[in-house]
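Chemist: What follows is a single structure, and I will ask about it in a moment.
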Amino acid sequence: MDTEQFLYIAGELLGASTATLGLTACVVPLAFGFGALASWARCSRHRIPQRLADLYVLIFRSTPMLVQLFVLYYGLSQFEMVRSSFVWPLLRNPYICAVFAMAIGSGAYVAEVIRGALGAVPKGTAEAGTSLGLTRVKTFFLITLPIAARSAIPASSSEIVITIKATSLASTVTIMELTGTARDLMSETYDVIEVFVMVSAIYLILNAVIMLLFRTVEARFSIPGLAA
65 MDTEQFLYIA GELLGASTAT LGLTACVVPL AFGFGALASW ARCSRHRIPQ
115 RLADLYVLIF RSTPMLVQLF VLYYGLSQFE MVRSSFVWPL LRNPYICAVF
165 AMAIGSGAYV AEVIRGALGA VPKGTAEAGT SLGLTRVKTF FLITLPIAAR
215 SAIPASSSEI VITIKATSLA STVTIMELTG TARDLMSETY DVIEVFVMVS
265 AIYLILNAVI MLLFRTVEAR FSIPGLAA
């Protein structure tokens, strides 16, 4: 590979990495929203929301995200009822469909992250809030939630890293993110190994930055002696 071709491939991949980051930026907030909603339903006193949330987590954690994406983008289009509904303009858009599919799938894992973080909060903290005269809602938002959020930082960083890698699936529905662009460059230039190495390096840098950022945040907001 000569210098000119290297710069051409590098420029194309760096441009495509912005699409990968854009997808991630769209998926992550939605995933945490779905996860928080599922966690709220699991904590409900009513059995139906609990069961529905458990079923959601079970289904989307037990099936590949690629299958979920295919079912949403290709499968639902087979039904006339869906094609004539108000949601069809959204479902036929590959970008929106990919974001929605990945957000729902990641949300199931986020729900487990939240459940683990809430379970790690010492029971005495909630009792302390009650003894101070706080309501259950105030105790949750002022005491339980901040402690749980700090406990969830490591797992949240892992989930974001997984999401960045999962955006490669979007290329299967015609979205030209990093992996899709790399595949086209391989066909165009026949520099398969070189393109593979460059793509791997970009993913490595992106994920390393995310992990470093979250480690900094974790160190900043760690609670000394909490584990004891």
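Start counting the sequence shown at 65; every next residue gets the next number (my numbering).
We treat Cβ as the ideally placed atom computed from N, Cα and C, and that holds for glycine.
Are residue 99 and residue 219 touching if we call contact CB-CB under 7 Å?
Modeler: On the sequence shown, position 35 is the one that residue 99 refers to. On the sequence shown, position 155 is the one that residue 219 refers to. Their beta carbons are not under 7 Å apart, which means residue 99 does not touch residue 219 by this criterion.
Chemist: Mapping DSSP to helix, strand and coil, what is residue 210?
Modeler: By one-based count along the sequence shown, residue 210 stands at place 146. In the three-state reduction of the DSSP assignment, residue 210 falls in the helix class, which pools H, G and I.
Chemist: Helix, strand or coil, according to DSSP, for residue 157 in the structure here?
Modeler: Indexing the sequence shown from 1 puts residue 157 at position 93. Reduced to three states, the DSSP call for residue 157 is coil.
Chemist: Taking the C-alpha atoms as reference points, what is the distance between residue 291 and residue 129?
Modeler: Along the sequence shown, read from residue 1 onward, the residue named residue 291 stands at position 227. Along the sequence shown, read from residue 1 onward, the residue named residue 129 stands at position 65. Because residue 291 carries a pLDDT of 45, less than 50, the predicted location of this residue cannot be relied on, and the following value inherits that uncertainty. One alpha carbon belongs to residue 291, the other to residue 129, and they sit about 34 Å apart.
Chemist: Cβ of residue 173 less than 7 Å from any chain D Cβ?
Modeler: Absent from the structure is chain D; it holds one protein chain and no more.
Chemist: Below 8 Å, can you find three or more Cβ-Cβ pairs linking the segment 72–81 to the segment 246–266?
Modeler: yes
Chemist: Residue 172: buried (16+ other C-beta within 10 angstroms of its C-beta) or exposed?
Modeler: Working through the sequence shown from its first residue, we reach residue 172 at position 108. So residue 172 ends up on the buried side.
Chemist: Helix, strand or coil, according to DSSP, for residue 240 in the structure here?
Modeler: Within the sequence shown, numbered from 1, the residue matching residue 240 stands at position 176. If DSSP states are grouped into helix, strand and coil, residue 240 belongs with coil.
Chemist: Determine the closest residue to residue 166 out of 260, 278, 90, with distance taken between C-alpha atoms.
Modeler: One-based indexing of the sequence shown puts residue 166 at position 102. Per the Cα distances, 90.
Chemist: Are residue 228 and residue 276 touching if we call contact CB-CB under 7 Å?
Modeler: Mapped onto the sequence shown, residue 228 falls at position 164. Mapped onto the sequence shown, residue 276 falls at position 212. No.
Chemist: Apply the 10 Å Cβ neighbour rule to residue 257 and answer buried if 16 or more other Cβ atoms are within range, or exposed otherwise.
Modeler: In the sequence shown, counting from the first residue as 1, residue 257 sits at position 193. By the neighbour-count rule (16 or more Cβ atoms within 10 Å), residue 257 is not buried but exposed.
Chemist: Determine the closest residue to residue 222 out of 278, 107, 198, 101, with distance taken between C-alpha atoms.
Modeler: Here residue 222 is taken as the residue at index 158 of the sequence shown, counted from 1. Selected option, being the one with the closest Cα: 278.
Chemist: Threshold first: 4 residues or longer. Then list the alpha helix (DSSP H) segments lying entirely within the segment 98–168, N to C.
Modeler: 111–126, 129–134, 144–147, 152–155
Chemist: Quick check: the Cα distance between residue 337 and residue 280, rounded to an integer number of angstroms?
Modeler: Absent from the structure is residue 337, since the part of the chain shown begins at 65 and ends at 292.
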